[in-house]
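Only one structure is covered here, and it is reproduced in the block below.
Chains as they are written, first to last, in my numbering: chain A, 1 to 387; chain B, 1 to 387.
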């Protein structure tokens, strides 16, 4: 084992104790009680008190005007992109450095991802590099941003708040305005993360949240779409419930809709998890502070901190190896996992994944560099704390 | 109120007592216990003991070689159609008389539904009329069935087991063979329904089940795909889990996959529901017998019985008004619902719904006639029985 691997394991061990998953859910509140309530009510499916309550509480917590609860974050992105007008033959700006769902949701609309680069500090879509790329490859024609090379409309951008660290939304919104792009935020990882007090997922047209089992709170499987426009939210909710026109018994559908509604059983779990969210955020920030101290003197690696002026939820604690140490990444991962500290690299760049290999892309130098140097370490709420 | 409405309400009242929902879930077994187990294990999401067990028990119950648990029946149909090779620009034979999910799943593949007619007795896809239609409008070219009018390949057919009554699969399989069509069964409504001992959903390439809250058993939201080929099942499971190539930490995806895996929380509910299934089938058959006696002498309407040689699960009890009484349907529905007996007509024909109005279609005389005469009446397990 190399000395940098040894130092990293020592620092993780100091904080996390003896072995830990990457990110495990924590159920210490009303989870069983609320789920039992849902079962006792027999309303476990697409209608029920918990799903309505979950949507209202999500809106209140994030400051969005409305939230639409769906089966998962991928479904949230899909419907958000449709609401943004993304259609067959369009292109959508997506960072290459993100989970594959971001690009897949674009594909479900019949559109193609157009990969853009990250900024080096926190891995989010880089506004400067995106602006320079769009200036180089696009024209504005009839109020639409057109890719000169492919002739296709670039309809939207999807900033991702990677590992819970807010992307530079103020600058990205200016790029979006200048190039006539709709903005759908992929806030799957960033529930509880704010920029200057504004919650992630509420700057653009819509924001997608995820409550998969590995997220800061979970509904088993689940997601939500945040909107600042209640009419858009109502239309999105309609699309997620097979686009059925309300009627006591008749079946009429006015669009090709989806079966994307979050079941009430899952929302019941989510209501209890939301009650615990503030304390989990406190705990995850405290974990970051302990990791910061443990890694302060570890040479060769830095711990990602929250961006200036932002509050991260610290979903996943993130180590970035110094440049020149790329070749050690896999050895460090093997050593960490062998020691019981479940750790992983960042996703393989989407621009390199077979299903999206033919998609247009900007220069991706920063994303390539980060992708070879990032290691996520155990990050669960309450890790190493006394229960 | 017309006299036929009065007679129908009297007969329903005799069986169901004072007011009843159309179909409500029943949780009298291990539902809370298993769901609490899943929460206590913290495995509530896409991996867990219950989802594996649920798949195995579904396969054992249906006689399929493998079952793949997914978020809902729509997702099951979507992936089953992809596994059947349905691609952009194809057509797929779908009965006009079915829930809109059957046609939407075809649209998600970029294909178009091609609507076919029903047989008058039980509302399933009519093999004779389908054969005559295909003979009229298609050619076999290079081993593919080509619609002469549109020039598109008709790739597959989706028989639906309407209200749990098995469609005529033996004859439909011969049509499929003669016209080179893959067969995906929409068995969303027919868990527990068999044809000569063979479970619905296991005759063709794949079968889609639903466990929505209104189905014979529920997982909150959920579905499954039945396969007789374990390799196909493994590939389908791969597609439902983002097509991620197995690796302890690396993220590689070899196709545009989906986030369609049933969460373990929902599967826990499903495991308990499966334990209760045989008794619910017994109860629903007994309900049918009581309705049969109550409606034996009611003029103007007949109760749909199971097809010869088949065992129906009697998911929804179905009244068919005599021809000539079509105009009374809405009045009867209003009277039944006003009396507290939640009742509904069959779905509006998909060929008439705006999103599918431009799709090719056969003559749909039988479907049109049935669509104006069907009324589903309260059908829950244990309805009118002492608990």
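For glycine and all other residues, C-beta sits at the position ideal for the given N, C-alpha and C.
| field | Rounded separation between residue 128/A and residue 214/B - CA only | value | If I take the Cα positions, the gap works out to 52 Å.
| According to DSSP, residues forming a beta bridge with residue 310/B | Beta bridge pairing from DSSP links residue 310/B with 195/B.
| Would you call the segment 87-98 of chain A and the segment 238-257 of chain B touching, i.e. three or more CB-CB distances under 8 Å? | Contact between the segment 87-98 of chain A and the segment 238-257 of chain B is absent, because fewer than three Cβ pairs lie under 8 Å.
| query | Going by DSSP, what residues sit across from residue 259/A in a beta bridge? | reply | 241/A.
| From 151/A, 105/A, 142/A and 167/A, residue whose alpha carbon lies closest to that of residue 130/A | Per the C-alpha coordinates, the member of 151/A, 105/A, 142/A and 167/A positioned closest to residue 130/A is 167/A.
| query | Using the beta-carbon of each residue, which ones in chain B are nearer than 8 Å to residue 45/A? | reply | 25, 212, 213, 214, 218, 220 and 221, listed in chain order.
| task | Would you mind sorting residue 140/B into buried or exposed? The rule is 16 or more other CB atoms within 10 Å of its CB. | result | Residue 140/B should be labelled exposed.
| query | Which bits of chain A does residue 347/B rub up against, with CB to CB less than 7 Å? | reply | Those within 7 Å of residue 347/B in chain A are 251.
| field | Rounded straight-line distance, which links the Cα of residue 307/A to that of residue 334/A | value | Taking C-alpha positions only, residue 334/A is separated from residue 307/A by approximately 29 Å.
| said: For a test of the three-state rule: what should DSSP assign to residue 98/A, helix, strand or coil? | reply: Residue 98/A falls in the coil class under three-state DSSP.
| message | Judging by CA-CA distance, which residue of 68/B, 250/B, 212/B and 193/B is the nearest neighbour of residue 46/B? | response | Closest by alpha carbon: 68/B.
| query | Roughly how many angstroms separate the alpha carbons of residue 142/B and residue 72/B, rounded to a whole number? | reply | For residue 142/B and residue 72/B, the distance between alpha carbons rounds to 36 Å.
| said: I need the straight-line Cα distance from residue 392/A to residue 136/B, nearest angstrom please. | reply: Any question about residue 392/A goes unanswered here, given that chain A covers just 1 to 387.
| task | Would you grab the beta carbon distance between residue 262/B and residue 381/B for me? Rounded to a whole angstrom, and I think it's under 8 Å. | result | Incorrect: roughly 22 Å between the Cβ atoms, too far for contact.
| query | From the beta carbon of residue 344/A, is the nearest beta carbon of chain B less than 8 Å away? | reply | Interface flag for residue 344/A against chain B is set, since a Cβ pair is found closer than 8 Å.
| said: What would DSSP say about residue 73/A, mapped onto helix, strand or coil? | reply: The three-state reading of DSSP puts residue 73/A in helix, counting H, G and I together.
| Contact check, residue 294/A vs residue 5/A, beta carbons under 8 Å | Their beta carbons are not under 8 Å apart, which means residue 294/A does not touch residue 5/A by this criterion.
| said: Using beta carbons (cut-off 8 Å, strictly below), is residue 101/B in contact with chain A? | reply: Look at residue 101/B: its C-beta is under 8 Å from a C-beta on chain A.
| residue 374/B - partner residues in DSSP beta bridges | According to DSSP, which records beta bridges pairwise, residue 374/B is partnered with 320/B.
| task | Could you please give me the residues that DSSP links to residue 209/A through a beta bridge? | result | Within the DSSP bridge table, the entry for residue 209/A names 224/A as partners.
| Nearest to residue 33/B by alpha carbon, out of 268/B, 355/B, 338/B and 59/B? | When C-alpha distances from residue 33/B are compared across 268/B, 355/B, 338/B and 59/B, the shortest belongs to 268/B.
| query | How big is the Cα-Cα spacing for residue 311/A and residue 228/A? | reply | Their backbone Cα atoms lie some 21 Å apart in a straight line.
| query | Around the C-beta of residue 324/B, are 16 or more other C-beta atoms found within 10 angstroms, so that it is buried, or is it exposed? | reply | So residue 324/B ends up on the exposed side.
| query | Of the residues 21/A, 163/A, 194/A and 20/A, which one's Cα is nearest the Cα of residue 309/A? | reply | The shortest C-alpha separation from residue 309/A is found at 194/A.
| task | Following the continuous alpha helix (DSSP H) through residue 420/A, name the residue where it begins and the one where it ends. | result | Nothing about residue 420/A can be read from this structure; chain A reaches only from 1 to 387.
| Helix, strand or coil for residue 92/B per DSSP? | Reduced to three states, the DSSP call for residue 92/B is strand.
| CB of residue 127/B to nearest heavy atom of the ligand NAP: below 7 Å? | The ligand NAP is not among the ligands present in this structure, which contains no ligands whatsoever.
| Euclidean distance between Cα positions of residue 276/A and residue 146/A | A straight line joining the alpha-carbon of residue 276/A with that of residue 146/A spans about 45 Å.
| query | Can you list the residues of chain B that residue 107/A reaches, using a CB-CB cut of under 8 Å? | reply | Within chain B, the residues near residue 107/A are 256.
| query | Can you list the residues of chain B that residue 31/A reaches, using a CB-CB cut of under 7 Å? | reply | Under the 7 Å cutoff, chain B gives 39.
| Bridge partners of residue 185/A, per DSSP? | Per DSSP, 207/A.
| query | Using the beta-carbon of each residue, which ones in chain A are nearer than 7 Å to residue 90/B? | reply | Those within 7 Å of residue 90/B in chain A number zero; the least Cβ separation is about 15 Å.
| said: Measuring only the C-alpha atoms, how far is residue 253/A from residue 347/A? | reply: For the pair residue 253/A and residue 347/A, the Cα-to-Cα distance works out to about 39 Å.
| query | Just the Cα atoms here: how many angstroms apart are residue 442/B and residue 218/B? | reply | Nothing in the structure corresponds to residue 442/B, since chain B is present only between 1 and 387.
| Would you call residue 278/A buried or exposed, if buried means 16 or more other Cβ atoms sit within 10 Å of its Cβ? | Looking at its Cβ environment, which holds fewer than 16 other Cβ atoms inside 10 Å, residue 278/A is exposed.
| query | From residue 365/A to residue 120/A, what distance separates their C-alpha atoms? | reply | Going from the Cα of residue 365/A to the Cα of residue 120/A covers about 10 Å.
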